[in-house]
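Just below is one structure, and these are the notes that go with it.
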Amino acid sequence: MEFRRPEHRTIAAALRLVEADFLLANKCWFAGGTAIVMHLDEYRLSLDVDFLCADGEGYRVLRMAAVESGVGAFFGAPVTTLRDFRTDQYGLRTVLTLEGQPIRFEIVREARIALEGSFDSRLNVPTLSLPDTFAEKLLANADRCQDRSVAYRDAIDLGMLLTRYEEIPAVAVRKATEAYGQDIKRKIGWVLTRLEDETELKHAASVLQMDGDLAVQAITALRGEAQRLWSF
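Start counting the sequence shown at 22; every next residue gets the next number (this note's numbering).
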């Protein structure tokens, strides 16, 4: 796959060096905003490489690999790190460097919902399934939509997914709601109300380095889906 943004080209180069079989064996999936952006024509800038692991044994193996072998357990040369891994019950974190570009790399221990994924030959990486991508974004929106510094990215990512896939899968809504209850619906309502303010939506688009018209399309799509699901 070819990418327009140089930062995304570097991330794609790093992903081509991923130890994909190791991650796949331990049910560790490429996820988050960067995974979405790289599959949807780079509508915004995203610089983090985030993976999720919901498998207890898999996370144990990944954690031990980070402690014992460092970045070499996950990436081939010439990917290196700018600091040692930080590891705890919530995840593994470091900052990679490739071609002079720092890339924040994290494997999050997902304890809220079960996850599924498959190998994506285009990016050479195990990638989170589409329903679980929606579920994770619903959870993320509930967690941080009221933090303006995040620039409502989870709502915008949900909307951009909807411009391609039209509906949030029922299983995604079920998983997210089983984890967080009615706060999923409540926070979608909150962010949609907030982004009725054109100034806020323009601010978000600017922070995320995306086209303002695309941001409007994304929120319009999310608003329509919220009406279908929750009769907003």
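Using N, Cα and C, we set each Cβ at its ideal position, and we do this for glycine too.
- Here the C-alpha atom of C166 lies approximately 25 Å from the C-alpha atom of H29.
- In terms of Cβ geometry, V39 and V146 form a close pair [threshold 9 Å].
- Separation of D109 and A46 (C-alpha to C-alpha, rounded to the nearest whole angstrom) is 21 Å.
- T198 and D71 have their C-alpha atoms spaced approximately 23 Å apart.
- Of the candidates G121, S142, R143, P152, the residue whose Cα lies closest to the Cα of A135 is P152.
- For R130, the beta-bridge partners assigned by DSSP are C74.
- Membership of R249 in the alpha helix (DSSP H) is indicated by the continuous run 233-251.
- In terms of Cβ geometry, L149 and A56 form a close pair [threshold 9 Å].
- Contact check for I177 against A132 fails: the beta carbons are separated by 9 Å or more.
- For the options T220, R81, L36, A172, the alpha carbon positioned closest to that of K48 is the one of R81.
- The alpha helix (DSSP H) runs lying completely inside the segment 180-214 and spanning 4 residues or more are 191-201, given in chain order.
- Here the alpha carbon of A191 sits roughly 16 Å from the alpha carbon of G180.
- Secondary structure at A172: coil, using DSSP grouped into helix, strand and coil.
- P99 sits in coil when the DSSP states are folded into three classes, being neither helix nor strand.
- A residue is called buried when at least 16 other Cβ atoms come within 10 angstroms of its Cβ; V88 does not meet this threshold and is exposed.
- A Cβ-Cβ separation of about 6 Å places P123 in contact with L103 under the 8 Å criterion.
- A residue is called buried once 16 or more other Cβ atoms fall within 10 Å of its Cβ, and T101, having fewer, is exposed.
- Straight-line measurement puts the Cα of Q248 at about 31 Å from the Cα of W50.
- A residue is called buried once 16 or more other Cβ atoms fall within 10 Å of its Cβ, and D69, having fewer, is exposed.
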